[in-house]
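Structure first, then comments.
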Amino acid sequence: MVRVRFAPSPTGGLHIGGVRTALYNFLFAKQNKGTMILRIEDTDQSRFVPGAEEYIKESLQWIGIQVDEGDGIGGKLGPYRQSDRHRLGIYKQYAQRLLEEKKAYIAFDTEEELQKMREDLQESHSTTRQYNADTRKTMKNSLTLSHQEVEKRIRNGERHVIRLQVPENEDIIFYDVVREKVIYHSSVLDDKVLIKSDGMPTYHFANVVDDHLMEITHVIRGEEWLSSTPIHVLLYDFFGWRKNMPVFVHLPLILKPEGAGKLSKRDAENHGFSIFPLNWIDPLSHNTSIGFRESGYLKETMINFLALLGWSNGTEEEFFTLQKLITEFSLEKVHKSGARFDIKKAQWFNKHYIKQKNKNEIYYEITQILLSQNIPFSEEKIPLIVESMIERITFIPEIITHGMFFFYPPEQYDNALIQKKWNPETEKVLQGIALLFEQNNSIEYSPEQIHSLLENYFADKQIKMGKYMQMLRVAITGSGEGPDLMNILSIIGVPKAGARIYSALQKIGKKEKTE
Ligand code: GLU
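Those letters in the sequence shown? Residues 1214 to 1728, by the numbering used here.
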């Protein structure tokens, strides 16, 4: 039975890479009819950020990642928040066991002493900066102090931690689905703190104990945790849990859009996007980072885009719905090399998924935006506006921002174009069209009817219609390009179109004279 977990730390807004990790876990769980667990790893009190846990849950919900076991959801191997597990004394007993079996030891070194150790190592040009098999012999711990001394210090309330006793001169070998055989020599490992001086477990310790107790079968997480894995493997060994050790799957790094280097919050901002799934308000600075959801990315886009950030099914295929991913996803096809965060690709997917989206939902969203911005509109025009804009936009709200002319006459006209193409002859033709619209002023005209009205008019005058359509468009919308002009005229209605032409003639004409 597959059991996977997403184990974020609530230390800030969830990074979009975290959403990918959650998605891969979810896809693998669903595919195998397994269980998806959400475990909150909040043992680092100094990094705790209020609101982060709720944010994580809301982000998963938005994408459609359902959790089977977790805080507030249930499951028989909970609680699922590490601070709650700590309160129940779960970690302490395991740390005690390692101490008794001499696989961990107590260390009393102060921050200054540790600092001095690092400086001494640096001075002696040692390649390590760690608390390890060599250095631990020179430090203040239960390996160097007598039993009585250790007891006395503890009785006196001296601050101390529990450290893992990494074996000397040993290869730690494990298999990772993506990296295959991985070897770390114990000399490069640190005697990691397992229990901090405040009595709380560290990430490494709580993570391994919980993965074991929660019967996790596969640990699917970002590559940044690969170098922690030998420590975890040692813990599995020390506890005698190696034969039930989860399968490790380390997902490739997410790289900047240009390809080299890990994507950071700042890189994303420099490229005009954020790395947060939802709006995130930093509780300290109160700065808001716009989320993908609020920027107008659809959840279908994010699922497709994130799924391909480090995985493909081996073909050129690019469109994947959640359902298709659940069928086709496989851990074996996860890539080794870093995945470039190509935001253009995300936008391309968004264009695609907007066209697939249920139209009524789009009408509803547009209506809500118009209402919230007090923009006057008639409801029956919304489907027509959406229809005429949908091919031209990347985000749904752009139907309004790029289609303002459907709601208001233009405030400005494309100056460069006017300089080039506006002349007395244009003015004469536009005047004629305005008059034509005055004489044929039904608001019911379809785009086809308006087209033949204009066609007849131009035929009558024996002038070329094509030559004047762009300036007519400028007069109506302010811009030289946009969706089908006959559609626009039909949507805003011939009487209003006529008025817009008169107003353009006045404003543009005046401008010409003053320039
Ligand atoms: N709490 C870790 C994090 O914030 C979990 C890493 C893991 O999955 O082991 O990502």
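Backbone N, C-alpha and C fix where the C-beta goes; we use that ideal spot for every residue, glycine too.
Pick out whichever of Glu1393, Ser1400, Gly1472 has its Cα sitting closest to the Cα of Leu1464.
By 1-based counting over the sequence shown, the position of residue 1464 is 251. Out of Glu1393, Ser1400, Gly1472, Glu1393 has the C-alpha closest to the C-alpha of Leu1464.
Touch check for the region 1278-1290 and the region 1395-1404: three-plus C-beta pairs under 8 Å?
no
If I follow the unbroken alpha helix (DSSP H) through His1445, where does it start and stop?
The residue given as residue 1445 occupies position 232 in the sequence shown. It spans 1442-1452 - the alpha helix (DSSP H) in which His1445 sits, taken as one unbroken run.
Can you round the beta-carbon distance between Leu1468 and Phe1554 to whole angstroms, since I take them to be within the 8 Å contact cut?
As a first step, residue 1468 is located in the sequence shown; it is residue number 255 there, counting from the start. As a first step, residue 1554 is located in the sequence shown; it is residue number 341 there, counting from the start. Contact holds; Cβ gap of about 6 Å.
Any alpha helix (DSSP H) of 4 or more consecutive residues that is wholly inside the region 1529-1588:
The alpha helix (DSSP H) runs lying completely inside the region 1529-1588 and spanning 4 residues or more are 1535-1541, 1556-1569, 1572-1585, given in chain order.
Going along the chain, which residues of its own chain have a beta-carbon closer than 7 Å to the beta-carbon of Pro1414, five neighbours each way excluded?
Locating residue 1414 in the sequence shown gives position 201, counting from the first residue. For Pro1414, where only same-chain residues beyond five positions count, the Cβ hits under 7 Å are Thr1256, His1299, Tyr1304, Leu1407, Ile1408.
Note the first and the last residue of the continuous beta strand (DSSP E) segment covering Asp1384.
For the purposes of this step, residue 1384 is taken as the residue at position 171 of the sequence shown. Where Asp1384 is concerned, the enclosing beta strand (DSSP E) stretches over 1384-1389.
Are the region 1684-1692 and the region 1591-1603 touching by the rule of at least three beta carbon pairs closer than 8 Å?
Under the Cβ criterion (8 Å, minimum of three pairs), the region 1684-1692 does not count as touching the region 1591-1603.
Cα separation between Ala1308 and Ile1276?
Residue numbering aside, residue 1308 sits at position 95 when the sequence shown is read from its first letter. Residue numbering aside, residue 1276 sits at position 63 when the sequence shown is read from its first letter. Spanning the two alpha carbons is a distance of roughly 38 Å.
Tell me whether His1299 sits in a helix, a strand or coil according to DSSP, three-state version.
Taking the sequence shown and counting its residues from 1, the one referred to as residue 1299 is at position 86. Of the three classes helix, strand and coil, the one that applies to His1299 here is helix, per DSSP.
Neighbourhood of Pro1696 by C-beta distance below 7 Å, restricted to the same chain and skipping five residues each side
Working through the sequence shown from its first residue, we reach residue 1696 at position 483. Closer than 7 Å at Cβ, skipping near neighbours: Ser1601, Met1602, Arg1605.
Please classify Glu1728: does DSSP put it in a helix, a strand, or coil?
Position 515 of the sequence shown, counted from the start, is the residue given in the question as residue 1728. Below a pLDDT of 50, predicted positions are generally treated as unreliable, and Glu1728, at 49, falls in that range; the measurement from the model is reported next regardless. Glu1728 falls in the coil class under three-state DSSP.
Residue nearest to Gln1652 in terms of C-alpha spacing, selected from Ala1712, Gly1504, Gln1632
Here residue 1652 is taken as the residue at index 439 of the sequence shown, counted from 1. Checked all of Ala1712, Gly1504, Gln1632; the closest Cα to Gln1652 is Ala1712.
Among Trp1524, Gln1560, Gly1474, Phe1533, the one whose alpha carbon lies nearest that of Ser1508:
On the sequence shown, position 295 is the one that residue 1508 refers to. With distances taken between Cα atoms, Ser1508 lies closest to Gln1560.
Cβ contact check for the region 1541-1557 and the region 1470-1479: 3 or more pairs under 8 Å:
yes
Does DSSP put Trp1275 in a helix, in a strand, or in coil?
In the sequence shown, residue 1275 corresponds to position 62, counting from 1. In the three-state scheme derived from DSSP, where H, G and I count as helix and E and B as strand, Trp1275 is classed as helix.
If you drop the 5 nearest sequence neighbours on each side, which residues of the same chain put their C-beta closer than 6 Å to that of Ser1222?
By one-based count along the sequence shown, residue 1222 stands at place 9. Closer than 6 Å at Cβ, skipping near neighbours: Glu1254.
Could you pull out every residue in the same chain whose Cβ sits closer than 8 Å to the Cβ of Ser1323, ignoring the five residues on either side in sequence?
In the sequence shown, the residue the question calls residue 1323 occupies position 110. Checking the sequence shown, residue 1323 turns out to be Thr, not Ser. Cβ within range, chain order: Arg1372.
Whole-angstrom distance between Val1217 and His1425, CA atom to CA atom
Indexing the sequence shown from 1 puts residue 1425 at position 212. Indexing the sequence shown from 1 puts residue 1217 at position 4. Distance between the alpha carbons of His1425 and Val1217 is about 11 Å.
Closer than 8 Å: is that where the CB of Pro1470 sits relative to any heavy atom of ligand 1?
Here the question's residue 1470 lines up with position 257 in the sequence shown. Flag unset: Cβ of Pro1470 not near ligand 1.
Considering only residues of the region 1239-1276, which uninterrupted beta strand (DSSP E) runs meet the minimum length of 3 residues and lie entirely inside it, listed in chain order?
1248-1251
Taking 8 Å as the cut-off, does the CB of Thr1580 come closer than this to any heavy atom belonging to ligand 1?
The residue you call residue 1580 lines up with position 367 of the sequence shown. No, the beta carbon of Thr1580 sits no closer than 8 Å to any heavy atom of ligand 1.
Does DSSP put Ala1320 in a helix, a strand or coil?
Counting from one through the sequence shown, the residue named residue 1320 turns up at place 107. Of the three classes helix, strand and coil, the one that applies to Ala1320 here is strand, per DSSP.
Rounded to a whole number of angstroms, what is the C-alpha to C-alpha distance between Glu1728 and Glu1638?
The residue given as residue 1728 occupies position 515 in the sequence shown. The residue given as residue 1638 occupies position 425 in the sequence shown. With a pLDDT of 49 at Glu1728, under the threshold of 50, the modelled position of that residue is not reliable, and the figure given next carries that caveat. So the alpha carbons of these two residues sit roughly 18 Å apart.
Are there three or more Cβ pairs, one per stretch, closer than 8 Å when the region 1441-1452 is compared with the region 1324-1340?
no
Can you tell me which of the three DSSP states Ser1222 falls into?
Within the sequence shown, residue 1222 is the residue found at index 9, counting from 1. If DSSP states are grouped into helix, strand and coil, Ser1222 belongs with coil.
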